[in-house]
């Protein structure tokens, strides 16, 4: 437990509570999450004592973000093993919790592979210890990856936009809340802020669940970045007014051809950026690249409940008798809703993909495969489909 607390603190950044940590109270191991559905109103920890609770937390977005889902998936396997639950059943449930986020399956498979190997040689205690050690390794690697992505991303901004004073537009949330470290795209913006090169962070609200307004603004405020929240539909006027120097987003899955699945609303930003000659940069670890998915059309896009669109969700409603998840209707009763969690941006609209192993620009199939082959993730003991030994 002591080692894990140390890992979490290193990656906590400006967060008061780590986004995820392993705990070992007397009653047994637990996975403790910062409940992101309750931010920014209150910082509440959600304690998962079994895999069904973790799966529920993943599906309700209490824990979210590609890299953090990989970490959570690995710890989920360790939790099942440590508490004596059916590990194979846990692996299946975790891997299917959210279909688009490739990191989730990546973390699950890594922990499951070492569990099976250790179990075969030393039984359940050895398997549980091995799974926990692997989860901690995934966690530590993500912290390192976050640091490297920030360095590579800041250098790229310097090349694309010499002179500093960057005005960066971001979408969804890509900071410490989605990572063991300081994040992906927001970690680059934070590096620019620390070096005195960030003039303004434009924060898309990110409908329908407002991850930008609720979470990115929360992180920006804590780190002292100059930021402004805008409705998603207002981005076009910013571009037209020459107020955006670069777009930085994360990714939940990157196909072999460089197509990028990210929070819905990312693709329109890429089109706007291309029309206005603004760099559109994706920041993601190589664990988010899935070379077995050939192209963007092959990416399974998660469809979420329509009520997220037809209601304004109030996850932290206060007052006697109030229940979490209460929503205010904003559409007629019975209205149908289209609610894809992600959209897919083709590689020709992406200026660069920044990974911990380097920058891919222009974005090509060969360039992406090359940077993945040089990453330490590719040498992991199991990895996702593209990197399995």
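Residue numbers (this note's numbering): 30 to 418.
Every residue gets a Cβ at the ideal spot worked out from N, C-alpha and C, and that includes glycine.
Here residue 289 is buried. Its C-beta has 16 or more other C-beta atoms within 10 Å. If you draw a straight line from the Cα of residue 213 to the Cα of residue 48, it comes to about 15 Å. The secondary-structure analysis by DSSP pairs residue 258 across a beta bridge with 232. One thing to note: residue 92 has its Cβ no nearer than 9 Å to the Cβ of residue 203. Sequence-distant partners of residue 198 (beyond 5 residues in either direction) whose C-beta falls short of 6 Å from its own C-beta, in its chain, are 231, 273, 276. For the pair residue 397 and residue 206, the CB atoms are not nearer than the 9 Å cut-off. Straight across, the Cα-Cα distance linking residue 361 with residue 340 is about 10 Å. In this structure, residue 338 lies away from residue 384, with their beta-carbon atoms at least 9 Å apart. Comparing C-alpha distances from residue 392 to each of 109, 287, 373, 55 shows the shortest one belongs to 287. Inclusion of residue 270 and residue 233 in the CB contact set at 9 Å is not warranted, their separation being larger than that value. With fewer than 16 other Cβ atoms from the protein chains shown falling within 10 Å of its own Cβ, residue 395 counts as exposed. For residue 195, the three-state secondary structure derived from DSSP is strand. Shown here, residue 85 sits in a helix according to DSSP, grouped into three states. Its chain contains 315, 384, 386, 387, 389 as the residues whose beta carbon lies nearer than 7 Å to that of residue 400, once the 5 sequence neighbours on both sides are disregarded; these appear in chain order. Partner residues in the beta bridge of residue 282, as assigned by DSSP, are 290. For residue 52, no alpha helix (DSSP H) run applies; the uninterrupted beta strand (DSSP E) run containing it begins and ends at 49 to 52, by DSSP. Under the DSSP assignment, residue 117 falls in the alpha helix (DSSP H) whose first and last residues are 116 to 124. Counting along the chain, no alpha helix (DSSP H) covers residue 379, and no H or E run does either.
Excluding residues up to 5 positions away in sequence, 57, 58, 78, 79 lie with their Cβ nearer than 8 Å to the Cβ of residue 112 in the same chain.
Counting along the chain, the unbroken alpha helix (DSSP H) around residue 215 starts and ends at 214 to 223. Taking 3 residues as the shortest admissible run, the stretch 301 to 335 contains the following complete beta strand (DSSP E) segments, listed from N- to C-terminal end: 309 to 312. The Cβ atoms of residue 281 and residue 130 lie closer than 9 Å to each other.
Around the beta-carbon of residue 45, fewer than 16 other beta-carbon atoms lie within 10 Å, marking it exposed.
The distance from the Cβ of residue 60 to that of residue 74 is about 11 Å, inconsistent with a contact at the 8 Å cut-off. Scanning its chain for C-beta atoms nearer than 7 Å, with the 5 sequence neighbours on each side dropped, one finds around residue 244 the residues 65, 68, 202, 206, in chain order.
The three-state reading of DSSP puts residue 186 in helix, counting H, G and I together.
DSSP links residue 77 through a beta bridge to 60.
Within the DSSP secondary-structure output, residue 274 pairs in no beta bridge. Contact between residue 278 and residue 200 holds, since their C-beta atoms are separated by about 5 Å, short of 8 Å. The stretch 103 to 112 and the stretch 151 to 163 touch, with no fewer than 3 CB-CB distances between them shorter than 8 Å. Only residues of its own chain outside the window of five on either side were considered, and among them 45, 46, 63 have a CB closer than 7 Å to the CB of residue 72, listed in chain order. Between residue 209 and residue 168, the gap from beta carbon to beta carbon is short of 9 Å. The three-state reading of DSSP puts residue 66 in helix, counting H, G and I together. The residue among 297, 246, 118, 291 with its C-alpha nearest the C-alpha of residue 268 is 297. Under the criterion of beta carbons closer than 8 Å, residue 237 and residue 171 do not qualify as touching, at roughly 28 Å. Distance check between residue 324 and each of 310, 285, 308, 309 places 285 closest, using alpha-carbon atoms only.
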